[in-house]
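Peer 1: Have a look at this one.
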Amino acid sequence: MFEKLTEELNSYIKAGVPGVDCIVYKDGKCIYRYFTGVSDIETQTPMCGNERYNIYSCSKIITATAALQLYEECRLDLDDLLSKYLPEYEHMTVRTENGIVPAERQITIRDLLCMRAGFSYDFELPMVKKCLADTDGLCDNREFARYMANEPLLFQPGERFMYSICHDILAAALEIASGESFAEYVKKHIFEPIGMNDSTFLLPESELDSICSQYEYFPESGELRNATKRIWAQNGKNRASGGGGCVSTVDDYIKFLEALRIGNVILKKETTELMTTNQLNDRQLKSAHENLYSLGHYGYGYGLGVRCPMGDGRQTDFGWNGTAGTYAAVDMKRNMTLFYAQHVLNNPVQKRRLEILPIAQDAIDKM
């Protein structure tokens, strides 16, 4: 039944991805698991299925879940001003064609979750470099957020969607709302309750060797180069990046997706429904589709930290993906979850891997 999916995954190996791993659950049971290739090109170590990956932006769903847990406990409101938790964000400025002007309104927690606060993903900004220089590269979430408050926004808060460091700033705000470090909060309230024992937002240096070898693909030459196992652009050794700092495994992450699908495990069902409801108006949605064109998210809306269905029947899943190749999906209509992992930056199948979900959905529909 899943022969076409296996064929698709094998084609990624032929395209230059060293190793792939994919898992599909239906009605709470694993109905497909396939991994092939090698976890390390130099040693030709075969994939074994328990590799740890830098999951990059698949971290965002975890961060959004943490925020919504605090929302359920009335320790944070979605329309709270960011400055309630991080006072340095009370008086922001915006870069315009006519120079730098004051922000017309303050950033809210909802703006951060919905990627409409006005930030960018430019790690070459002066304040990013100053933060790293001033802290000898050791900055944590709060320090990073404090420096970024001095960078003018690219647009007025709420004006449009832009994929950015919103979830990194959110992680710093969650530390104030929870009274715990972000990494510790997630460990205690998400990872430990559902048995994600190989997942963390701050990997100890002693465990770096447990990470699957990470590569970077160069399309001009078709070459794969071994990259550091560390998270690309972490921007602070002590910073648990809410936007891209999680290390996890396929077996761990599917537990997380299953918990969201089932409901009343780490989030109430009604909260997951809120999370997966489009939060963007027409103008914001237009900018989201333009901004995410390269990621191939056609026909989706954007909820609280996830791509989500628009209710028109074109798409039935919610989830996200990561820059080194991870891809996560929860399809409530089919009672299915899917997670795919690989470890190649600038990877050659970044858009092609979006075919994994429809192929799996088709296989399930034929069961």
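Using the working numbering, you'd call the opening residue of the sequence shown number 6 and step up by one each time.
Positions of the beta carbon are idealized from the N, C-alpha and C atoms, including for glycine.
1. Excluding the 5 residues flanking Asn-326 on each side, which residues of the same chain have their C-beta closer than 6 Å to its C-beta?
2. Going by beta-carbon coordinates alone, are Ile-259 and Cys-35 separated by less than 9 Å?
3. Hey, how far is the Cα of Phe-261 from the Cα of Leu-175?
4. Just curious, the alpha helix (DSSP H) that Pro-131 is in, first and last residue?
5. Going along the chain, which residues of its own chain have a beta-carbon closer than 6 Å to the beta-carbon of Gly-241, five neighbours each way excluded?
6. So what does DSSP say about Arg-80, is it helix, strand or coil?
7. Just how far apart, CA to CA, sit Met-315 and Thr-50?
8. Rounded C-beta distance between Leu-81 and Ile-114? I'm assuming under 8 Å.
9. State the start and end residues of the unbroken beta strand (DSSP E) segment that holds Ser-253.
10. Considering just the uninterrupted stretch of the alpha helix (DSSP H) at Ala-177, what are its terminal residues?
11. Between the Cα of Leu-279 and the Cα atoms of Glu-263, Ile-28, Val-311, which residue gives the shortest distance?
12. Taking all protein chains shown into account, decide if Glu-56 is buried (16 or more other Cβ within 10 angstroms of its Cβ) or exposed.
13. For the candidate residues Thr-328, Ala-329, Leu-343, whose alpha-carbon lies nearest to that of Val-335?
14. Beta-carbon within less than 6 Å of Arg-266's beta-carbon, same chain only, minus the 5 sequence neighbours each way: which residues are those?
15. Identify, in the order they occur along the chain, each residue of the same chain with its Cβ nearer than 7 Å to the Cβ of Leu-179, setting aside the five sequence neighbours on each side.
16. Going by DSSP in three states, Ile-36 sits in which element: helix, strand or coil?
17. Just verifying my parser: in three-state terms, what is the DSSP assignment at Thr-98?
18. Nearest to Ile-67 by CA position, among Val-354, Gly-249, Arg-358, is which residue?
19. Applying the criterion that 16 or more other CB atoms from any shown protein chain within 10 Å of the CB defines a buried residue, is Arg-230 buried or exposed?
20. Would you kindly check if the distance between the Cβ of Tyr-58 and the Cβ of His-348 is under 9 Å?
21. Residues in the same chain with beta-carbon distance under 7 Å from Ser-62, minus the five sequence neighbours each way, listed in chain order, please.
22. What are the residues that DSSP puts in a beta bridge with Ala-334?
23. For Ser-246, is the classification buried or exposed, using 16 other Cβ atoms within 10 angstroms of its Cβ as the cut-off for buried?
24. Are there 16 or more other CB atoms within 10 angstroms of the CB of Cys-79, so buried, or fewer, so exposed?
Peer 2: On the basis of the supplied data:
1. Tyr-332
2. yes
3. 20 Å
4. 131-139
5. Cys-144, Phe-149
6. coil
7. 43 Å
8. 6 Å
9. 252-254
10. 171-183
11. Val-311
12. buried
13. Leu-343
14. Val-335, Thr-342
15. Ala-71, Ala-72, Leu-75, Phe-187, Tyr-190
16. strand
17. strand
18. Gly-249
19. exposed
20. yes
21. Gly-248, Gly-249, Trp-325, Asn-326, Gly-327, Thr-328
22. Gly-324, Leu-343
23. buried
24. exposed
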